[in-house]
Amino acid sequence: MSLCEICKTNAVRVHLTISEEKTLHICMECNNNLTAEFMGIDLEPFEPGIYEFSGVRCNKHKFDIERNVNPMGIGYEASEVTEDGRPGFRVAVMDSVDCNQQLLLEKLKAKIKTTIFKRYLKTEMSPYTGKQIIIKKNEVAGRLEYNDENDKFPKLVIDGQEFSWEELGRMLNSYEGFQFQLKVFDITDDIE
Ligand SMILES: [Zn+2]
20 MSLCEICKTN AVRVHLTISE EKTLHICMEC NNNLTAEFMG IDLEPFEPGI
70 YEFSGVRCNK HKFDIERNVN PMGIGYEASE VTEDGRPGFR VAVMDSVDCN
120 QQLLLEKLKA KIKTTIFKRY LKTEMSPYTG KQIIIKKNEV AGRLEYNDEN
170 DKFPKLVIDG QEFSWEELGR MLNSYEGFQF QLKVFDITDD IE
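By the count of the numbering used here, the sequence shown reaches residue 211 at its end, each step adding exactly one.
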C-alpha cells in the first residue's frame, strides 16, 4: 500500500495532477482538505475509518466510512467490510457545500442503521424445492455494481448480498401475469 504524499498516513486514493510533470498521490481526506481550502469551505472534524453498527440479531456490521468533498457538494460514503471481500451494504449521503456537515454525518449513520435492518428477501422451506430465497413483500431494492467477471451484466446486491440475475429471475417466477416497475436511483438518494 502506498502512503499519501501529504499526511504519510493513509492509503493513496486520489491522483491529483498539479502540472504536466507533477502529480500528487494523496489520500481522500488530504484531497478533501485541498478542495475545501480552494473553495473556502470550513470542514468539520471527521475521522475516516472503520465504524461498527449492530444489525439484525445483534450481528456486527463494519463500515469503512469516508468523506468526499468536491465542487458539487459534500458526501459521506460507507462501504461494508466483509470477511471474504464480497460486496456488502453500501450507504451514501450527499448535500451542498454549505450544508450542516454534522447533521449530514448523522443522516449517514441513521441511513446505515435503517439499511442493515431492512430485508427484501426471506428464506422459505418449500416441500417441493427445499430451502429457497423468496421476495418478502412484492418489492425488491438493491444495488448494481461493476461485474469484473462478466461485463455484460452488472452485479446485483440485495440485502447486502450478491445474487445472480438467474436467482432474481427465479424469485420472480411466482409473479407470472403481474406487472412490474424498474427504476434506478443515485446511491445517495433515499429509497422509500
Ligand atoms: Zn493524506
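Cβ atoms here follow ideal geometry from the backbone N, Cα and C, with glycine treated the same way.
Within 8 angstroms, strictly: CB atoms of residue i and residue j
i: residue 73; j: residue 83; result: no
i: residue 120; j: residue 168; result: no
i: residue 111; j: residue 88; result: no
i: residue 155; j: residue 139; result: yes
i: residue 212; j: residue 197; result: A question about residue 212 goes unanswered here, because the residues of the chain that appear run from 20 up to 211.
i: residue 34; j: residue 28; result: no
i: residue 153; j: residue 143; result: yes
i: residue 106; j: residue 195; result: no
i: residue 161; j: residue 176; result: yes
i: residue 100; j: residue 60; result: no
i: residue 31; j: residue 38; result: no
Residue i - DSSP class collapsed to helix/strand/coil
i: residue 138; result: coil
i: residue 204; result: coil
i: residue 144; result: strand
i: residue 98; result: strand
i: residue 38; result: coil
i: residue 105; result: coil
i: residue 74; result: coil
i: residue 119; result: coil
i: residue 30; result: strand
i: residue 56; result: helix
i: residue 79; result: strand
i: residue 181; result: strand
i: residue 91; result: coil
i: residue 113; result: strand
i: residue 126; result: helix
Closest residue to residue i among the options (Cα-Cα distance)
i: residue 109; options: 39, 178, 203 and 125; result: 178
i: residue 94; options: 117, 202 and 133; result: 117
i: residue 92; options: 104, 58 and 31; result: 58
i: residue 124; options: 96, 145, 190 and 186; result: 96
Beta-carbon separation (whole angstroms), residue i vs residue j, contact threshold 8 angstroms
i: residue 23; j: residue 49; result: 5 angstroms
i: residue 47; j: residue 85; result: 5 angstroms
i: residue 81; j: residue 71; result: 5 angstroms
TODO: With a cut-off of 5 angstroms, give the chain-ordered residues whose Cβ is closer than this to any heavy atom of ligand 1.
DONE: Per the Cβ criterion, the list is 23, 25, 26, 29, 46 and 49.
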